[in-house]
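Chemist: Protein chains in written order, with this note's numbering: chain A, 975 to 1253; chain B, 975 to 1253.
Below is one structure. I have some questions about it.
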């Protein structure tokens, strides 16, 4: 029996940076609350909570003297304005790639483009992106949702974790209907690399364990891709969910993890698999 | 037996305009030579020849006192410069949509974009478009031909008669590899409308006659589309090619024609079919 790790897995640069900024702020003695959970991983959220990081869902829940941590997804413009108006200390952990996508929406909008954001309606990152479009944006998650905007200049950006194939399809649909289209491919390479890596992993293994929050979009995407390639896939958040049955008769066990899965969780999963297979 | 015409067929605006400009020039008493055949239709070329329009393949073959007609495809920039240098009278019948595509290549190139032209390498229109790109253009006819240009801003235009599906595929390929892509969809609606119309025609008919030059790209495209929909298709240039056999036992006969097929040829084809079917 062999355990094979995907070529790319786990924390992306933006998440690693956000956690590090949170830890630094907490260690410096600040009292910090994050607006929403810092990442889609309950175990890491618990670990940071034990260090003192509070999670709030509304800026009105912020305690006096508390700093507000903006997580890697970013926030809508009006949240920033309101925090500034209130004089709140901000720990801005917006992923630099998300911040760049926000700037691109702002730029396209200021240049007179109607902006289409390829992404999931309602996703926190997407809500942030929309706020930079001056009220003239559309969020679409499939070619069928592309509105009829013939006669307008169209700008396109994508949610950083969006599927590149769906992005291409949406772009194709828009391009066939519009005279001028300007695209910034804001999709994150990290997600893409993890997606390619899981495809390669399917070829080499009998069973795949995907580690990550059940509500993490990029983790679920890894599960979908592996399943679409015909693999037997188990999606777990914690080592406690592993069952010995999954590994009986398996030669090669593939492991990957979503961008919000901490290294220490992955280590615990590996230990547990070894224990189950060798006992 | 019924003859059904496609909803859109025959001369497009650009070709109608080019022929009309040639006729006007000839009627005004000018001696005119066109650089290459004015359209991909030997019958119309013969008709115009009988009015005095000469066809030359090189501007060095131009006779003194002769005006030069630029056909709807347009010509490369250096040809225009050389004609101007020689003081040649130019009858410019470049299709306004092709001229617009040329301006877009010029614009994208001046804005620092590497320009990709989706089209057929070597096609006269494409040779013209390339000349506006300041030496930094690539012609691609399929996604496989897209060069690796990561790190560059990419501008895309298309040959006006290019397939919209192929255009979408090429755009998708480029978009997935590049940060910034700016697209002008210079594809001609006329071609597209004729293509949609032939698809509809297949549904309603037992046999399809496509009329147009055997070397006309847009005519051949109509044949391809009808064949791909499972139709029995005959591609003819002249009414003389029609055979009675094709119509035996057929209820509905569909007719379409390429963008370079003159109305008078279509009329003669219709007359001949009626003659064959009712005799």
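From the three backbone atoms N, C-alpha and C, an ideal C-beta is built for every residue, glycine too.
What you are looking at is a predicted structure, and each value in this text was computed from that prediction instead of being measured.
#1: Along the stretch 1146-1159 of chain B, what residues have a CB closer than 7 Å to any CB found in chain A?
#2: When you compare the stretch 1219-1236 of chain B with the stretch 1001-1017 of chain B, are there three or more beta-carbon pairs, one atom per stretch, that lie closer than 8 Å?
#3: How should residue 1070 (chain A) be labelled, buried or exposed, when 16 other C-beta atoms within 10 angstroms of its C-beta is the threshold for buried?
#4: Starting from the N-terminal side, write out each stretch of the alpha helix (DSSP H) that is 4 residues or longer and does not extend beyond the stretch 1174-1220 of chain A.
#5: Pair every Cβ in the stretch 1023-1039 of chain A with every Cβ in the stretch 1088-1099 of chain A, then say whether three or more of these pairs are closer than 8 Å.
#6: By the criterion of Cβ-Cβ separation under 7 Å, what are the contact partners of residue 1142 (chain B) in chain A?
#7: With a cut-off of 8 Å, do at least 3 Cβ pairs link the stretch 975-993 of chain B to the stretch 1164-1173 of chain B?
#8: Evaluate the contact criterion for the stretch 1241-1249 of chain A versus the stretch 1203-1219 of chain A: three or more CB pairs, one atom per stretch, below 8 Å.
#9: How would you write the range of the beta strand (DSSP E) that residue 1146 (chain B) sits in, first residue to last?
#10: Does DSSP classify residue 1108 (chain A) as helix, strand or coil?
#11: Can you tell which of A:1225, A:1198, A:1100, A:1184 has its C-alpha closest to the C-alpha of residue 1208 (chain A)?
#12: Taking a contact to mean a Cβ-Cβ separation below 9 Å, would you say residue 1062 (chain A) touches residue 1042 (chain A) in this structure?
#13: Name, please, each residue of chain A whose Cβ falls closer than 7 Å to the Cβ of residue 1138 (chain B).
#14: Alpha carbon to alpha carbon, how far is residue 1169 (chain A) from residue 1195 (chain A)? Give it in angstroms, no decimals.
#15: Report the option in B:1157, B:1150, B:1147, B:1148 whose CA atom is closest to the CA atom of residue 1148 (chain A).
#16: Output the distance between the C-alpha atoms of residue 1146 (chain B) and residue 1143 (chain A), rounded to the nearest integer angstrom.
#17: Assign residue 1012 (chain A) to buried or exposed, taking buried as 16 or more other Cβ atoms, counted over all protein chains shown, within 10 Å of its Cβ.
#18: Less than 8 Å between C-beta atoms, sequence neighbours within five positions excluded: which residues of the same chain meet that for residue 1187 (chain B)?
#19: Given residue 1242 (chain B), which residues of its chain have a CB within under 6 Å of its CB, disregarding the five upstream and five downstream residues?
#20: Please classify residue 1268 (chain A): does DSSP put it in a helix, a strand, or coil?
#21: Under the DSSP definition of a beta bridge, which residues are partnered with residue 976 (chain B)?
#22: Within 10 angstroms of the Cβ of residue 1124 (chain B), are there 16 or more other Cβ atoms? Answer buried if so, exposed if not.
#23: With DSSP as the reference, label residue 1247 (chain A) as helix, strand or coil.
#24: Within a Cβ cutoff of 7 Å, which residues of the same chain sit near residue 1226 (chain A), ignoring the five residues on either side of it in sequence?
#25: Any beta carbon from chain E within less than 9 Å of residue 1005 (chain B)'s own beta carbon?
#26: Which of the three DSSP states, helix, strand or coil, is assigned to residue 1122 (chain B)?
#27: When the Cα atoms are used, what is the spatial distance from residue 950 (chain B) to residue 1202 (chain B)?
#28: Could you compute how far the alpha carbon of residue 1026 (chain A) sits from the alpha carbon of residue 1002 (chain A)?
#29: By the 10 Å Cβ neighbour count, where 16 or more other Cβ atoms means buried, how is residue 1059 (chain A) classified, buried or exposed?
Modeler: Considering the structure as presented:
#1: 1146, 1149, 1150, 1152, 1153, 1154, 1155, 1156, 1157, 1158, 1159
#2: yes
#3: exposed
#4: 1191-1202
#5: no
#6: 1146, 1149, 1150
#7: yes
#8: yes
#9: Residue 1146 (chain B) -> not in any beta strand (DSSP E); alpha helix (DSSP H) instead, spanning 1138-1149.
#10: coil
#11: A:1184
#12: yes
#13: 1150
#14: 8 Å
#15: B:1157
#16: 7 Å
#17: buried
#18: 1013, 1014, 1015, 1016, 1193, 1211, 1232, 1234, 1235
#19: 1213
#20: Chain A is shown from 975 up to 1253; residue 1268 (chain A) falls before or after that span and cannot be answered.
#21: B:1226
#22: exposed
#23: helix
#24: 976, 978, 1178, 1179, 1180
#25: Absent here is chain E; the protein component of the structure consists of chains A and B.
#26: coil
#27: Only positions 975 to 1253 of chain B appear in this structure, which leaves residue 950 (chain B) out of reach.
#28: 12 Å
#29: exposed
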